[in-house]
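Worksheet: the structure to be examined is printed underneath.
Residue numbers (this note's numbering): 1262 to 1532.
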């Protein structure tokens, strides 16, 4: 058996008891060997980037894990911005790109983003989903460096890059503006109680409310923006506070694109 070292107590004991000084450590420290690692493969184009990475680690990819507690508490919290292309920063520009407008939505529940393009008559663009709801990597960043609400909560007008497209943020909705000023999210309110409160306020006036929505909907699309909904709420003096308005918008923005289908809204609440 080869004794190659001893602790400080043993060294002092031998030195004071026998006058013997123990030799220094006889074994050279082991050198740290770094083994080569495989670099992460690029996005393969199937599903989200998380799906692509999951297929690298497992033959049968496992579903992404969510923070269910956070998602349940924040799933109805959505920040929205009206935006357009920042033409000056685009490398390739269509002559009509300056006409296009977008609604960018950020979902606090899972940190995902979606972009909706409202149809504009005679613009040459059909409109619809520009970006399916998904998490987005910061511009020129590595996988895992996801965009957060802080990347969008900037001074307006301001430019933000999303999937290599420069968007100029023009304005935000009232809820997002309120969050920016207050810096907190308020408690969720019962949507059923809000519906009942509105129903009691204007009994028998469903036709008048529907006509107001149709006047606002000049393109006859069947949908109006959330800002238009707020204006109707104020016009009929429903006496909803800000928390109730936020909860109402979260309930009726079913496609999470910043618009509501007002016929379903009116029939459900007032008829």
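Note that beta-carbon positions come from the ideal geometry of N, C-alpha and C, so glycine has one too.
For residue 1346, which option in 1295, 1498, 1418 and 1293 has the closest C-alpha, if you only look at C-alpha atoms?
Residue 1418 is the option with its Cα nearest to residue 1346.
Strand pairing of residue 1341, partner residues [DSSP]
Answer is 1366, bridged to residue 1341.
DSSP on residue 1449, reduced to helix/strand/coil?
Below a pLDDT of 50, predicted positions are generally treated as unreliable, and residue 1449, at 44, falls in that range; the measurement from the model is reported next regardless. In the structure shown, the three-state DSSP call for residue 1449 is coil.
State buried or exposed for residue 1377, treating a residue as buried only when at least 16 other CB atoms are found within 10 Å of its CB.
Here residue 1377 is buried: its Cβ has 16 or more other Cβ atoms, across all protein chains shown, within 10 Å.
Which residue spans inside the segment 1353-1429 form an unbroken beta strand (DSSP E) run of at least 3?
If one requires a minimum length of 3 residues, the beta strand (DSSP E) runs lying completely within the segment 1353-1429 are 1363-1368, 1373-1378, 1389-1395 and 1419-1423, in chain order.
Residue(s) in a DSSP beta bridge with residue 1433
Listed as beta-bridge partners of residue 1433 by DSSP are 1342.
Grab me the residues of residue 1462's own chain with a C-beta within less than 6 Å of its C-beta, minus the 5 sequence neighbours each way, in chain order.
Correct list, in chain order: 1499.
Counting pairs of beta carbons, one from the segment 1411-1425 and one from the segment 1457-1473, are three or more of them closer than 8 Å?
With the cut-off at 8 Å, the segment 1411-1425 and the segment 1457-1473 do not touch.
From residue 1359 to residue 1508, what distance separates their C-alpha atoms?
C-alpha separation (whole angstroms): 34 Å.
Tell me the residue span of the beta strand (DSSP E) that contains residue 1486.
Here the beta strand (DSSP E) through residue 1486 covers 1484-1486.
Indicate the three-state DSSP secondary structure (helix, strand or coil) for residue 1526 in the structure shown.
Secondary structure at residue 1526: helix, using DSSP grouped into helix, strand and coil.
In the DSSP assignment, find the alpha helix (DSSP H) that holds residue 1320 and state where it starts and stops.
Note, residue 1320: premise wrong, no alpha helix (DSSP H); not H, not E.
On the DSSP bridge list, what partners appear for residue 1455?
Secondary-structure assignment with DSSP links residue 1455 through no beta bridge to anything.
Going by other Cβ atoms of all chains shown within 10 Å of its Cβ, with 16 needed for buried, is residue 1340 buried or exposed?
Of the other Cβ atoms in all chains shown, 16 or more fall within 10 Å of the Cβ of residue 1340; this residue is therefore buried.
Can we say the segment 1375-1393 touches the segment 1401-1410, given the rule of at least three CB pairs closer than 8 Å?
Between the segment 1375-1393 and the segment 1401-1410, the count of C-beta pairs closer than 8 Å stays below three; the two stretches do not touch.
C-beta atoms of residue 1455 and residue 1505 nearer than 7 Å
Contact check for residue 1455 against residue 1505 passes: the beta carbons are separated by less than 7 Å.
Please give me, in chain order, every unbroken run of the alpha helix (DSSP H) with length at least 4 that falls completely inside the segment 1263-1289.
Entirely contained in the segment 1263-1289, the alpha helix (DSSP H) runs reaching 4 residues are, in chain order, 1269-1279.
Using only CA atoms, which one of 1483, 1266 and 1435 lies nearest to residue 1492?
For the residues 1483, 1266 and 1435, the minimum Cα distance to residue 1492 belongs to 1435.
Which residues bound the alpha helix (DSSP H) around residue 1498?
Segment: none, residue 1498 is in no alpha helix (DSSP H) and carries neither H nor E.
Backbone CA spacing between residue 1276 and residue 1285 [nearest angstrom]
Near 13 Å, if we compare the C-alpha coordinates of residue 1285 and residue 1276.
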